[in-house]
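The structure under discussion appears below in the form of structure tokens.
Quick look at the structure:
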């Protein structure tokens, strides 16, 4: 009986197809996503049915963590630069160029204005350790939050003639209401009535008025 | 290399006598490239975000206008919602400016944020009731919700109740400072229920 010769198969698998898939996915992720913005504190936002998107630019964001600490951030380096220069002149903070630059390129700040010089001299880890990160005071006596709003708005108005700045509040689920009320009152005092609250998206509960309204706007099949 | 040359017919049978250069495989091992690809994918998946955060508009009335607006609201069309601590919600119909109204033991009620049997059902009920009423011009009345958040309530409750307004399409609502009377009622209800 003649021996049946089994042809020897290579053990190697052609990886080209897999490589293609990998890079396809990679391209997708690079194009479809954006980098997480650095947050001073972790904040878990409540969810709502609102589908309105947070604008990319011209945003003044107040982050509030669950202990009620308020952090300020604004987009646009030239605007931030102007803001810190104004604060420096107004409050005689004596910031040097490096510290101002730190503010311009940095993320959020959350400290008293008087501690700003020490605060800006540190990096993120040192800030956490130093205990200066107590948040911007929201009380109505000093009204530093109001100062930040005012200077931020001025810096914004200087950079573009049209003031389309949106004020956003991003607060944690567990933030006590009095803190939010303080912030809202500060805005009210500045005659800023339109605010944005950052939330997560949540499905509209079926059977409610909003769900019915959504049905109506959908094109009929 | 993991690649094995199977394409050539093998160099066993020497058919030609001439010098023969060894044939290399033209295939390239893609494994490291795949590794790299997936490594980068993992990196991008972890450091980036896909969904942009959503925002909720909050338009606050002016302080002076607020008082007038509040006075304009009719007792019969108003629903006052109070946010208590520990995710509790209290509500009563009307504005509670009338001291006699509070004498009714069923006046001040407690509920939750639950989807069924919670505050949402109460809002819908009140909305339907008010829609039956007619104003001086004979048009259906619109419910006005007054939201009062107590100091114990959290931001989650606040957004939650504003969200209920959006869910039930309540166009007229206002956030108002909590009064001492409201605080007393919350305390009384909590004591009565024995959950403090």
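Protein chains in written order, with this note's numbering: chain A, 208 to 428; chain B, 2 to 197. Idealized CB from N, CA, C, for every residue including glycine. From a predicted model like this one, the values you see are computed outputs, not experimental measurements.
Per DSSP, the bridge partner or partners of residue i
i	result
residue 226/A	Answer is none; residue 226/A lacks a bridge partner.
residue 423/A	According to DSSP, which records beta bridges pairwise, residue 423/A is partnered with nothing at all.
residue 316/A	279/A
residue 295/A	For residue 295/A, which the question treats as bridged, DSSP gives no partner whatsoever.
residue 57/B	404/A
residue 234/A	BP columns for residue 234/A are empty, so no partner.
residue 176/B	148/B
residue 373/A	266/A
residue 216/A	DSSP, once it has assigned bridges, lists no residue as partnering residue 216/A.
Distance, residue j Cα to residue i Cα
i	j	result
residue 165/B	residue 353/A	30 Å
residue 264/A	residue 91/B	39 Å
residue 187/B	residue 122/B	20 Å
residue 376/A	residue 241/A	21 Å
residue 357/A	residue 397/A	8 Å
residue 49/B	residue 37/B	18 Å
residue 435/A	residue 378/A	It is not possible to answer for residue 435/A, since the shown part of chain A is limited to 208 through 428.
residue 12/B	residue 51/B	Bear in mind that the predicted position of residue 12/B carries a pLDDT of just 46, short of 50, making it unreliable; the figure below should be weighed with that in mind. Each residue's Cα considered, the two are about 55 Å apart.
residue 393/A	residue 304/A	31 Å
residue 31/B	residue 45/B	21 Å
residue 388/A	residue 229/A	49 Å
residue 423/A	residue 256/A	17 Å
residue 33/B	residue 227/A	13 Å
residue 130/B	residue 239/A	48 Å
residue 185/B	residue 85/B	12 Å
residue 337/A	residue 296/A	25 Å
residue 287/A	residue 128/B	47 Å
residue 413/A	residue 54/B	23 Å
residue 88/B	residue 254/A	15 Å
residue 8/B	residue 211/A	Because residue 8/B sits at a pLDDT of 49, beneath the cut-off of 50, its placement in the model cannot be relied upon, and the following sentence gives the value as read from the coordinates. If you take the alpha carbons of residue 8/B and residue 211/A, they lie about 21 Å apart.
Closer than 8 Å to chain E by CB, residue i
i	result
residue 39/B	Absent here is chain E; the protein component of the structure consists of chains A and B.
Cβ shell of residue i (< 7 Å), same chain only, five flanking positions each side left out
i	result
residue 159/A	Since the first residue of chain A shown is 208 and the last is 428, residue 159/A is not available in this structure.
residue 306/A	324, 327, 328
residue 298/A	320
residue 153/B	85, 86
Neighbourhood of residue i by C-beta distance below 6 Å, restricted to the same chain and skipping five residues each side
i	result
residue 141/B	132
residue 316/A	279
residue 179/B	149, 151
residue 428/A	A caution first: residue 428/A carries a pLDDT of 45, below 50, which makes its placement in the model unreliable, though a value can still be read off. If we look at residue 428/A and ignore the five residues flanking it on each side, it has no Cβ neighbours.
8 Å Cβ shell around residue i - same chain, five flanking residues per side excluded
i	result
residue 120/B	82, 90, 92, 112, 113, 114, 162, 165
residue 284/A	311, 312
Self-check item: Against chain B: residues of the region 393-412 of chain A by CB proximity under 9 Å
Solution: Within the region 393-412 of chain A, the residues whose Cβ lies closer than 9 Å to some Cβ of chain B are 394, 395, 396, 398, 399, 400, 401, 402, 403, 404, 405, 406, 407, 408, 409, 411, 412, listed in chain order.
Quiz item: Can you list, in chain order, the residues of the region 258-284 of chain A whose Cβ is nearer than 8 Å to any Cβ on chain B?
Solution: Answer set for the region 258-284 of chain A: 258, 259, 260, 261, 271.
Quiz item: Any residues in the region 167-186 of chain B with a beta carbon nearer than 9 Å to a beta carbon of chain A? Which ones, in chain order?
Solution: Those residues of the region 167-186 of chain B that come within reach of chain A (Cβ to Cβ, closer than 9 Å) are 167, 168, 169, 170, 171, 176, 178.
Quiz item: Of the residues that make up the region 142-159 of chain B, which ones have a beta carbon closer than 8 Å to any beta carbon in chain A?
Solution: Of all residues in the region 142-159 of chain B, only 150, 151, 152, 153, 154, 155, 156, 157, 158, 159 come within less than 8 Å of chain A when Cβ atoms are compared, listed by chain position.
Self-check item: Members of the region 340-361 of chain A near chain B, C-beta cut-off 8 Å
Solution: Residues of the region 340-361 of chain A with a C-beta atom less than 8 Å from some C-beta of chain B do not occur.
Quiz item: Got a sec: which bits of the region 50-61 of chain B sit with their beta carbon under 9 Å from any beta carbon on chain A, in order along the chain?
Solution: Hits within the stretch, in order: 50, 51, 52, 53, 54, 55, 56, 57, 58, 59, 60, 61.
Quiz item: What are the residues of the region 370-382 of chain A that lie near chain B, defined by any Cβ-Cβ distance shorter than 9 Å?
Solution: Against chain B - using a Cβ distance shorter than 9 Å - the residues of the region 370-382 of chain A are 373, 375, 376, 377, 378, 379, 380, 381, 382.
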